[in-house]
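**Student:**
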Amino acid sequence: MPEATDPATPAPAAPDAAPALVRDDLAEVAEATERLLRTVAGLEPAALAEPSLLPGWTRGHVLAHLARHADSLVNLLTGARTGQDIPQYAGEDARDRGIQDGAGRPLGEQLADLRASHERFAEAAAAMPADAWSTLLRHRHGYTFPASEIPGKRLVELEYHHVDLDSGYTPAHWSAAFADHELERLAAKFRAAPEAEPVRLLVEAAERELRIGPPADRPELTVEGPVRALAAWLSGRSDGDGLQVHRDGVQLTDPRTALPKLPPMG
Numbered sequence: 027m028p029e030a031t032d033p034a035t036p037a038p039a040a041p042d043a044a045p046a047l048v049r050d051d052l053a054e055v056a057e058a059t060e061r062l063l064r065t066v067a068g069l070e071p072a073a074l075a076e077p078s079l080l081p082g083w084t085r086g087h088v089l090a091h092l093a094r095h096a097d098s099l100v101n102l103l104t105g106a107r108t109g110q111d112i113p114q115y116a117g118e119d120a121r122d123r124g125i126q127d128g129a130g131r132p133l134g135e136q137l138a139d140l141r142a143s144h145e146r147f148a149e150a151a152a153a154m155p156a157d158a159w160s161t162l163l164r165h166r167h168g169y170t171f172p173a174s175e176i177p178g179k180r181l182v183e184l185e186y187h188h189v190d191l192d193s194g195y196t197p198a199h200w201s202a203a204f205a206d207h208e209l210e211r212l213a214a215k216f217r218a219a220p221e222a223e224p225v226r227l228l229v230e231a232a233e234r235e236l237r238i239g240p241p242a243d244r245p246e247l248t249v250e251g252p253v254r255a256l257a258a259w260l261s262g263r264s265d266g267d268g269l270q271v272h273r274d275g276v277q278l279t280d281p282r283t284a285l286p287k288l289p290p291m292g
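The sequence shown begins at 27 in our numbering and counts up one residue at a time.
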């Protein structure tokens with residue numbers, strides 16, 4: 027049986043000083059964390075050593091990563107608040123070591139770590155003065171972004187990796203707003219990727235069209251489906267479930283074999 031652990035997480039209130047969109051994102055992060063904790067609390071202890079949907083990672087690796095990612099954002103928030111140059115991680119080796127060292131812990135320890143790291147994140151966000159949210163920070167991949175994007179980045183990690191646990195939470199559980207945001211974000215990212223095959227994306231029942239890849243010099247592929255199914259495919263969380271694929275007006279039989287390989291999310 028799963029270890030008896032209360033998954034409820036007391037989340038500090040979103041800071042009044044934060045911009046409205048930041049407050050909304052922080053509230054969504056708290057809700058997504060509670061959903062994750064409920065899923066993890068329902069796992070059998072042995073399930074943590076079983077494979078996740080991420081190659082080479084067990085469910086324990088996914089959970090350790092989520093906890094350490096929260097702490098890495100605490101580092102960035104602290105830097106934004108204090109004016110210090112605090113890196114997200116001490117280095118890539120330290121990041122990888124933190125995940126590897128934490129992957130094999132028992133269920134109760136994983137839950138406690140997830141809860142405590144979320145509380146540290148929420149407290150760091152609550153301590154931010156209004157002007158600190160505009161501070162430019164450096165992501166571990168090298169690009170800069172404003173501190174106001176941190177809650178949204180945390181939400182992305184929570185929602186994607188909750189799916190990666192392969193424990194009953196799927197892209198169908200994503201909110202329409204989250205799926206729509208990720209569809210727009212990833213389509214824009216892949217539109218600028220020269221290695222991406224040209225694809226026209228049609229959002230079912232929304233009369234909306236997006237494109238990825240460079241301009242087509244031949245009949246391009248058209249992929250149509252609900253917003254969650256499109257976002258799941260672009261994010262690598264689906265192999266085409268719920269999508270229809272057409273080329274030059276002809277529907278292709280199996281979307282799983284017809285869909286092109288996507289660039290890495292990065």
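Backbone N, C-alpha and C define an ideal beta-carbon position, used for all residues, glycine too.
Between the segment 249-257 and the segment 200-207, do at least 3 Cβ pairs fall closer than 8 Å?
**Tutor:** A contact exists between the segment 249-257 and the segment 200-207.
**Student:** Taking the beta carbon of H95 as the centre, do at least 16 other beta carbons fall within 10 Å, making it buried, or is it exposed?
**Tutor:** buried
**Student:** Once the 5 residues before and after L92 are set aside, which same chain residues still bring their CB inside 6 Å of it?
**Tutor:** Answer for L92: H187, listed in chain order.
**Student:** Cutting at 8 Å between CB atoms, please list the residues of its own chain near V88, excluding the five before and the five after it.
**Tutor:** S78, L80, H187, D190 and L191
**Student:** Quick one: what does DSSP say A30 is sitting in, helix, strand or coil?
**Tutor:** Its pLDDT being 33, under 50, A30 is placed unreliably by the model, and the measurement read from it follows with that caveat. Coil.
**Student:** So, under 8 Å CB-CB, E221 and P289 are touching, yes? Tell me the CB distance rounded to an integer number of Å.
**Tutor:** 6 Å
**Student:** Identify, in the order they occur along the chain, each residue of the same chain with its Cβ nearer than 8 Å to the Cβ of T170, setting aside the five sequence neighbours on each side.
**Tutor:** If you ignore the 5 residues before and after T170, its C-beta comes within less than 8 Å of the C-beta of L162, L163 and R164, all in its own chain and listed in chain order.
**Student:** Drop a sphere of 10 angstroms on the beta-carbon of S143, count the other beta-carbons inside from all chains shown, and report buried for 16 or more, exposed for fewer.
**Tutor:** S143 is buried by the Cβ-count criterion.
**Student:** Tell me the start and end of each unbroken alpha helix (DSSP H) in the segment 179-248 that is at least 4 residues and wholly inside, in chain order.
**Tutor:** Taking only runs of at least 4 residues, the alpha helix (DSSP H) segments lying wholly in the segment 179-248 are 202-217.
**Student:** Flag this pair as yes or no: are the beta carbons of V55 and Q136 separated by less than 8 Å?
**Tutor:** no
**Student:** Shortest alpha-carbon distance to L184 belongs to which of V229, S201, P241 and A75?
**Tutor:** S201
**Student:** For my contact list, L233 and R226 are in at a C-beta cut-off of 8 Å; report their separation, rounded to the angstrom.
**Tutor:** According to the sequence provided, residue 233 is Glu. The question's Leu does not apply to it. Contact doesn't hold; Cβ gap of about 14 Å is too wide.
**Student:** Measuring only the C-alpha atoms, how far is L74 from G262?
**Tutor:** Looking at the two C-alpha atoms, the distance is approximately 22 Å.
**Student:** Take A150 and list the residues in its own chain whose beta-carbon comes closer than 8 Å to its own, dropping the five residues that flank it on each side.
**Tutor:** L99, V100, L103, T104 and R107
**Student:** Where are the alpha helix (DSSP H) runs, 4 residues long or more, that stay fully inside the segment 62-132, in chain order?
**Tutor:** Correct list: 85-108 and 118-129.
**Student:** Can you give me the C-alpha to C-alpha distance between R121 and A156, rounded to a whole angstrom?
**Tutor:** Whole-angstrom Cα-Cα distance: 30 Å.
**Student:** Spell out the partners DSSP gives L162 in its beta bridges.
**Tutor:** P172
**Student:** Within its chain, find whatever has a CB closer than 8 Å to the CB of Q277; leave out the 5 residues flanking it on each side and keep chain order.
**Tutor:** Answer for Q277: Q270 and V271, listed in chain order.
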